[in-house]
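As structure tokens, the structure follows; a few thoughts come after it.
Chains as they are written, first to last, in the working numbering: chain A, 747 to 1131; chain B, 747 to 1131.
Now the structure itself:
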């Protein structure tokens, strides 16, 4: 077993969760989010694509039910000692096996918190879970309980977040060195992701966003690469990822002479990002950060070109997305605290003129404000080679 | 809009689904699997990390409900014309908006097939969906309906699968050129994934598996890279990915002199893979392929070192996994057909001696058997540089 955190750190995390469970009067938790399992025990896998669950009882005991392919994965990467296996078969009933496991650990008639809001628990499996536990125990939706605890990072986590920030900057440098007329997007993507792997980093929680020409207006990954034109725009969103901790960045780089519209949008994006940065501080809400962004954008007459959200928390995330709660959207009351890692992305997409301009940076919330984790100049990247 | 398939191809796919819906007496489908949306319309995004759904009515009309970040993504990548947006807010109710959309399209009191078994529909959102549609329409679990259609590939799909196969071989070559004493796993990963990006390929549906020394016994990705020792073993599982179509391979490569146990396990793995290949043919079941694998493994006294599954179907898959049904496990009655793409992986993990040996190849099921899509020699890779 090789863990990325000290035993003391894992003990602290478990105790924080046990306290939150006691407050909610939960006798146990059934976790389905890989993020929760990684945070609590180190268990590191994409095995959540199948049915699996981590139990934590109020007595502090962990137990994992998973498939045979993840037995050694749990042994090598986590502190979980009690690992049980369900087997694929036409008539396999892993939800019943989970109930039996919980019974074995004294969970009959218990009040059990369940992470229903989890990619690791599809709606189909959720129904089977409910059926298997019907009359056996009370299942209570405890989605978000661990997310809330995970949002504030410890010193040990911040160490990895800083590494992720450095890898994000390495990837940015690799991109800037390559971007130019005639260059293939695929080469840029290889260089960016390669810089992160070579630096000991991980796959990101979602694909890097890369799109040029009209597709620079997209803010998701899509299949199909192209070569950059002599005058072009390319939107990139990426994250340095280390021990699954993310530090994200976003830029729209210009090849050849920028259009006036690029410069107008960039100026608004920079002002909006600065306004967000001024509000990323303890005591401010996620909604206030969004409002700061919207005020600048809308003041520049760009209301129809911005999105309904302008960033989110980052942490140790698994696929399909590196986005963690809280998100910067209108009225979100979640209060920022020191130790939170927040990504602010200014996304401007003018479909009429097919002009894109994006700018994003990651910040660590500190006692008196924030500290940039991806410190690169806020200048429009123009490559006229 | 730039589609990766012809209009005729998309028409054929829609008609196949409409026929299957008619057979199941469904008036409409609510799809939550990104794979279904991509296959039917081209819609290419990781936006399924949030609530979104694609409607197909028995009248052949599509409509998508998604977030603002995916509006242009749907416009640029899919043939969907009716795109509706729900907005993030503390009190947002996208499931009700979905019901209103379906009402608008004539779906009141309809019998609607729902993809409940989908990463895009968490158990929490499934409950909200059921509540929103209660008394409005009948929701019927139609998980797997599109998966079943997707399993058999068309000529247009096989074109991309072949590209994926070539990219898998390119990645293999990049790895073999690098593997040796003192080499960092991160450099190997960068070279393999880089070969695929440079060739116009995509991120895989799950992370490549890379692990050496004791961690060569793992068959999932984990964070944390190391350098290879003078005598070492490294297990790699990867997929060439093109237009999201996968062709997977697996090898355990040896650095320095192999142990006798490596050679024993390799010989069994090769025989088992050959036995599977002899059974990957039209009319055979997925269970028969598994049985062929198990017979060889168990005949060599390796029953406790093999897994309970030895492969699966491959296609256009999104995160968190590239695995598609059917899977090769005991008794699986799914019958193989021409046009199916099947990955067979022989995984032997001897924990006692900490010896790993894996071998995997992808096959296209043809009219009279199969054709290897990742044709590389079945020899033990030994690098004694």
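A virtual CB, placed ideally from N, CA and C, is assigned to each residue, including glycine.
A check of alpha carbon separations from residue 748 of chain B across A:780, A:796, A:960 and A:1115 identifies A:960 as the nearest. DSSP places residue 1091 of chain A within a strand segment (E or B) once states are collapsed to three. The CB of residue 823 of chain B comes closer than 7 Å to the CB of 968 in chain A, given here in chain order.
Here residue 1001 of chain B really is in contact with residue 1129 of chain B; their C-beta atoms are around 6 Å apart, less than 8 Å. Closest option to residue 830 of chain B, judged by alpha-carbon separation, among B:839, B:849 and B:809: B:809. Excluding five sequence positions before and after residue 824 of chain B, the CB atoms of its chain that fall closer than 6 Å to its own CB belong to 787, 788 and 789, given in chain order. Apart from sequence neighbours up to five positions away, the residues of its chain that approach residue 947 of chain B with a beta-carbon distance below 8 Å are 909, 910, 913, 986, 987 and 988, ordered along the chain. When secondary structure is reduced to three states using DSSP, residue 891 of chain B falls in the helix class. DSSP assignment within the region 910-964 of chain A yields the following whole alpha helix (DSSP H) runs of 4 residues or more, N-terminal first: 931-944. If you check the CB distance, residue 1059 of chain B and residue 1079 of chain B do not come in under 7 Å. Contact between residue 1031 of chain A and residue 1103 of chain A does not hold, since the beta-carbon distance rounds to 27 Å and is not under 8 Å.
Contacts between residue 940 of chain A and chain B, judged by CB atoms closer than 7 Å, involve 936 and 940 in chain order. For residue 835 of chain B, the closest Cβ of chain A is nearer than 7 Å. Contact annotation for residue 953 of chain B against chain A: 792 and 949 [CB-CB distance below 7 Å, chain order]. Inside the region 816-869 of chain B, DSSP marks whole alpha helix (DSSP H) runs of 4 or more residues at positions 817-823 and 840-850, from first to last along the chain. Contact check between the region 894-909 of chain B and the region 870-877 of chain B: fewer than three CB pairs, one atom from each, fall below 8 Å, which does not count as touching. Residue 900 of chain A is outside the set of residues whose beta carbon lies under 7 Å from a beta carbon in chain B. Taking a beta-carbon distance threshold of 7 Å, residue 1076 of chain A counts as an interface residue toward chain B.
In the structure shown, residue 1076 of chain B falls within a coil segment according to DSSP collapsed to helix, strand and coil. Nothing from the region 1010-1023 of chain A brings a Cβ to less than 9 Å from some Cβ of chain B. For residue 1041 of chain A, the enclosing alpha helix (DSSP H) begins and ends at 1032-1045. Under the three-state reduction of DSSP output, residue 973 of chain A falls in the strand class. Ranked by Cα distance from residue 803 of chain B, the options B:860, B:1088 and B:1051 are led by B:860. Looking at the backbone, the Cα of residue 1069 of chain B and that of residue 1063 of chain B are separated by about 8 Å. Among the CB atoms of chain A, none fall inside 7 Å of the CB of residue 810 of chain B. If you look at residue 1112 of chain B, you'll find it in the beta strand (DSSP E) that goes 1101-1112.
As computed with DSSP, residue 1008 of chain A is found in no beta bridge at all.
Secondary structure at residue 764 of chain B: helix, using DSSP grouped into helix, strand and coil. Those residues of the region 977-1007 of chain A placed with their C-beta closer than 7 Å to a C-beta in chain B are 989 and 990, ordered along the chain.
Taking 7 Å as the threshold, the shortest C-beta distance from residue 964 of chain A to chain B falls below it.
The closest CA to that of residue 1107 of chain B, considering only B:815, B:1056, B:1113 and B:852, is found on B:1056. Residues of the region 846-880 of chain B whose Cβ lies closer than 9 Å to any Cβ of chain A, in chain order: 860, 861, 862, 863, 864, 865, 866, 867, 868, 869, 870, 871, 872, 873, 875 and 876. Burial state of residue 940 of chain A is buried, judged by a 10 Å Cβ sphere holding 16 or more other Cβ atoms. Taken through DSSP and simplified to helix, strand or coil, residue 780 of chain A comes out as helix. Between the region 1009-1020 of chain A and the region 748-762 of chain B there are fewer than three inter-stretch CB-CB distances shorter than 8 Å, so the stretches are not counted as touching. The region 770-780 of chain B makes contact with the region 886-904 of chain B, as at least three CB pairs between them are under 8 Å.
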